[in-house]
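A.B. asks: Protein chains in written order, with our numbering: chain A, 1 to 291; chain B, 292 to 552.
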């Protein structure tokens, strides 16, 4: 544990040093400008202090972001308003629910397509190129259209965002599961044949268990993609709620501190979700003797 | 026990079409295997011994000639689950215990739960792995894993056991032990066994008949009826009779291979 801690802390410290340095470099022109207008001369110490405490800096300093995050999470919980519409917990929850629904839908679609590709020759020849083509379309271009089209048929709220999440997250699952379901060797398949096993028995007893390591790897990528999809899906909805909405509102009003705190919150959420899948992966594969 | 033909091959040929032209894996193979026989197939790589075994198991399809297994086509025999097949690798599922692995074919074939339990116990005893039912494959040595895979092939009611170099990947000492065990098992279960190997001592020690094969095209060059008694202690391998059979097998292999050996 201690041996791991030192390198991790070194990297984190380096990042903070670079971040603070960049904040000084990027925010200095504005600080000098302000000082010149007021007819003042800024010393180095004063300049640094000024660049780390602006209201709308080009790059907010870490402590500013941390303060903003605390103000919109912990402090609000202490005030008993942990789930008010100004709380980052509320916005994270909105984004998370779209992410989770999209992830479940995407995983289901991905697994279904993979089974079709593995068991059906026509699908094997025809589906994959379309799956790959679907991912070459920029998600930012197609997201508003999905929202608009679904809105026109009366579907709004959670589902359109989840659809965009699904659109991004099914792809790694298809690719991983096709490889996973095909991972049993010729000998293992021959063995099933000598027992005259049906296709369903071969699937449930051999192909599906064999695919588990591939599935979990895909799920991790799919989860991260889902979160990106949900955030992108929140941008064109008029920015009412969600981390995507916070990003958009922040950029409307030049609230860089708000943008960065939403970004950090999104990254934390992604790390947490991927970490949970990683944990389930470790437990499952260990119990299956495949780790 | 009445003599009954288990496997009957007549003018059996199998040609693989490859980019380098046709490969004659088997050419005009004629052979009968009687019930209760222990038949070894020996020959250099490419002689078609494994292919022949796979044809019996309906894993390959002959391009000419006839073959019956238990009097019916290999496909019908496979669908009737007439044989157990042991591959070169144990091929146990890591996510199943030893007991669970042996239960796998029984589950697939729809044996009753209580029957499954009794059969797993019985075959584990047969291969001397009692007490390992709850262990996982990675907790067992290679030799024990291969014994478990043999138990798996014995668990269901098949009178025919097809074994494709099952001990090929094991060291000599383990191999001797397993050979001895296999003979015990063969005597106790009165199964018919077809056994592919490239070890002359192994073939001579185990078999009632030794089929010597040679490559390009894959064909049978000699069939040797073993004069050795059915009861065979390991030290039978030092007797003159044993050495004589081994010598004949070696001669057969040399003849089939031109003078290259």
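Note that CB positions come from ideal geometry on N, CA and C, so glycine has one too.
8 Å is my cut-off, CB to CB: does residue 135 (chain A) come that close to chain B?
C.D. replies: Against the first chain, residue 135 (chain A) aligns to sequence position 135. No - not a single Cβ of chain B is within 8 Å of the one on residue 135 (chain A).
A.B. asks: Nearest chain A C-beta to residue 378 (chain B) closer than 8 Å, yes or no?
C.D. replies: Locating residue 378 (chain B) in the second chain gives position 87, counting from the first residue. Interface residue, yes.
A.B. asks: Would you call the CB atoms of residue 91 (chain A) and residue 242 (chain A) closer than 8 Å?
C.D. replies: Taking the first chain and counting its residues from 1, one reaches residue 91 (chain A) at position 91. Taking the first chain and counting its residues from 1, one reaches residue 242 (chain A) at position 242. Yes.
A.B. asks: Please determine, among B:305, B:495 and B:490, the residue with the shortest C-alpha to C-alpha distance to residue 343 (chain B).
C.D. replies: Within the second chain, the letter at position 52 stands for residue 343 (chain B). Comparing Cα-Cα distances from residue 343 (chain B) to each of B:305, B:495 and B:490, the minimum goes to B:305.
A.B. asks: Anything in the region 179 to 195 of chain A with a Cβ closer than 9 Å to a Cβ of chain B? List those residues in chain order, please.
C.D. replies: Under the 9 Å Cβ criterion, the region 179 to 195 of chain A contributes 185, 187, 188, 190, 191, 192, 193, 194 and 195.
A.B. asks: Would you call the region 171 to 187 of chain A in contact with the region 156 to 163 of chain A, where contact means no fewer than 3 C-beta pairs closer than 8 Å?
C.D. replies: No: fewer than three Cβ pairs fall under 8 Å.
A.B. asks: With distance defined between alpha-carbon atoms, name the residue in A:61, A:217, A:56 and A:207 nearest to residue 22 (chain A).
C.D. replies: Counting from one through the first chain, the residue named residue 22 (chain A) turns up at place 22. Checked all of A:61, A:217, A:56 and A:207; the closest Cα to residue 22 (chain A) is A:61.
A.B. asks: Ends of the beta strand (DSSP E) at residue 304 (chain B)?
C.D. replies: Counting from 1 along the second chain, the entry for residue 304 (chain B) is found at position 13. Residue 304 (chain B) -> beta strand (DSSP E) spans 296 to 309.
A.B. asks: Does the region 379 to 387 of chain B come within contact of the region 398 to 414 of chain B, defined as at least 3 CB pairs closer than 8 Å?
C.D. replies: No, the region 379 to 387 of chain B is not in contact with the region 398 to 414 of chain B.
A.B. asks: Please confirm whether residue 400 (chain B) has its beta-carbon closer than 8 Å to some beta-carbon of chain A.
C.D. replies: Within the second chain, residue 400 (chain B) is the residue found at index 109, counting from 1. Closer than 8 Å: yes.
A.B. asks: Give a yes or no on whether 8 Å exceeds the smallest Cβ distance from residue 201 (chain A) to chain B.
C.D. replies: Taking the first chain and counting its residues from 1, one reaches residue 201 (chain A) at position 201. Answer yes: the Cβ-Cβ gap between residue 201 (chain A) and chain B drops below 8 Å somewhere.
A.B. asks: For residue 357 (chain B), which residues in the same chain have their Cβ closer than 6 Å to its Cβ, ignoring the five residues on either side in sequence?
C.D. replies: Stepping through the second chain from its first residue, residue 357 (chain B) is reached at position 66. Closer than 6 Å at the Cβ level, and outside the excluded window around residue 357 (chain B), lie 301.
A.B. asks: If you follow the beta strand (DSSP E) that residue 112 (chain A) is in, where does it begin and where does it stop?
C.D. replies: The residue given as residue 112 (chain A) occupies position 112 in the first chain. Per DSSP, residue 112 (chain A) belongs to no beta strand (DSSP E); it is in the alpha helix (DSSP H), 88 to 119.
A.B. asks: Residues of chain A with CB closer than 9 Å to the CB of residue 427 (chain B), please, in chain order.
C.D. replies: For the purposes of this step, residue 427 (chain B) is identified with residue 136 of the second chain, where counting begins at 1. Within chain A, the residues near residue 427 (chain B) are 289.
A.B. asks: Would you say residue 550 (chain B) reaches chain A, if we count a Cβ-Cβ gap shorter than 8 Å as a contact?
C.D. replies: Against the second chain, residue 550 (chain B) aligns to sequence position 259. Here the model assigns residue 550 (chain B) a pLDDT of 46, short of 50, so the residue's position is not dependable, and the following value carries that caveat. Not closer than 8 Å to any Cβ of chain A, the Cβ of residue 550 (chain B) fails to qualify, so no.
A.B. asks: Shorter than 8 Å from the beta carbon of residue 353 (chain B) to some beta carbon of chain A?
C.D. replies: For this step, residue 353 (chain B) is matched to residue 62 along the second chain. It does not: the Cβ of residue 353 (chain B) has no partner Cβ on chain A nearer than 8 Å.
A.B. asks: For residue 31 (chain A), which residues in the same chain have their Cβ closer than 8 Å to its Cβ, ignoring the five residues on either side in sequence?
C.D. replies: Taking the first chain and counting its residues from 1, one reaches residue 31 (chain A) at position 31. Only 42, 47, 50, 51 and 54 meet the Cβ criterion.
A.B. asks: According to DSSP, is residue 551 (chain B) helix, strand or coil?
C.D. replies: Position 260 of the second chain, counted from the first residue, corresponds to residue 551 (chain B). With a pLDDT of 46 at residue 551 (chain B), under the threshold of 50, the predicted position of this residue should be treated as unreliable, though the coordinate-derived value follows. If DSSP states are grouped into helix, strand and coil, residue 551 (chain B) belongs with coil.
A.B. asks: Going by C-alpha distance, which of A:75, A:275 and A:267 is nearest residue 216 (chain A)?
C.D. replies: Position 216 of the first chain, counted from the start, is the residue given in the question as residue 216 (chain A). Measuring from the Cα of residue 216 (chain A), the nearest candidate turns out to be A:275.
A.B. asks: Can you list, in chain order, the stretches of the alpha helix (DSSP H) that have 4 or more residues and sit fully within the region 3 to 81 of chain A?
C.D. replies: With a minimum length of 4 residues, the continuous alpha helix (DSSP H) runs that stay inside the region 3 to 81 of chain A are 44 to 51, 62 to 72 and 74 to 78.
A.B. asks: So residue 386 (chain B) contacts chain A; which residues on that side make the cut at Cβ distance below 7 Å?
C.D. replies: For the purposes of this step, residue 386 (chain B) is taken as residue 95 along the second chain, with counting starting at 1. Chain A residues near residue 386 (chain B): 209, 288, 289 and 290.
A.B. asks: By the three-class DSSP mapping on this structure, what secondary structure does residue 229 (chain A) have?
C.D. replies: On the first chain, position 229 is the one that residue 229 (chain A) refers to. In this structure, residue 229 (chain A) counts as helix in the three-state DSSP scheme.
A.B. asks: May I ask you to list the residues that DSSP assigns as paired with residue 485 (chain B)?
C.D. replies: In the second chain, counting from the first residue as 1, residue 485 (chain B) sits at position 194. Bridge partners of residue 485 (chain B): B:330 and B:453.
A.B. asks: Mind checking if residue 12 (chain A) is an interface residue toward chain B, Cβ cutoff 8 Å exclusive?
C.D. replies: For the purposes of this step, residue 12 (chain A) is taken as residue 12 along the first chain, with counting starting at 1. No, its Cβ sits nowhere closer than 8 Å to a Cβ of chain B.
A.B. asks: Do the region 110 to 126 of chain A and the region 277 to 289 of chain A meet, that is, are 3 or more Cβ pairs less than 8 Å apart?
C.D. replies: At 8 Å Cβ cutoff, the stretches do not touch.
A.B. asks: Just the C-alpha distance for residue 498 (chain B) and residue 330 (chain B), rounded to the nearest angstrom, thanks.
C.D. replies: Here residue 498 (chain B) refers to the residue found at position 207 when the second chain is read from its first residue. Here residue 330 (chain B) refers to the residue found at position 39 when the second chain is read from its first residue. Computed Cα separation, rounded: 5 Å.
A.B. asks: By DSSP's criteria, residue 312 (chain B) is part of a beta bridge. Which residues make up the other side?
C.D. replies: Along the second chain, one-based indexing puts residue 312 (chain B) at 21. Beta-bridge pairing links residue 312 (chain B) to B:309.
A.B. asks: Does the Cβ of residue 371 (chain B) have 16 or more other Cβ atoms within 10 Å, making it buried, or fewer, making it exposed?
C.D. replies: In the second chain, counting from the first residue as 1, residue 371 (chain B) sits at position 80. Exposed, since its Cβ has fewer than 16 Cβ neighbours within 10 Å.
A.B. asks: According to DSSP, simplified to helix, strand and coil, what is residue 540 (chain B)?
C.D. replies: Here residue 540 (chain B) corresponds to residue number 249 of the second chain, with the count starting at 1. Helix, per DSSP.
A.B. asks: Curious, which full-length alpha helix (DSSP H) runs of at least 4 residues does the region 134 to 160 of chain A contain?
C.D. replies: Complete alpha helix (DSSP H) runs here, min 4: 139 to 152.
A.B. asks: Given a threshold of 16 other Cβ atoms within 10 Å of its Cβ, counted over all protein chains shown, does residue 204 (chain A) qualify as buried or as exposed?
C.D. replies: On the first chain, residue 204 (chain A) is found 204 positions in, with the first residue counted as 1. So residue 204 (chain A) counts as exposed.
A.B. asks: Identify whether residue 523 (chain B) lies in helix, strand or coil by the three-state DSSP scheme.
C.D. replies: For the purposes of this step, residue 523 (chain B) is taken as the residue at position 232 of the second chain. In the structure shown, residue 523 (chain B) sits in coil (DSSP, three-state: anything other than H, G, I, E or B).
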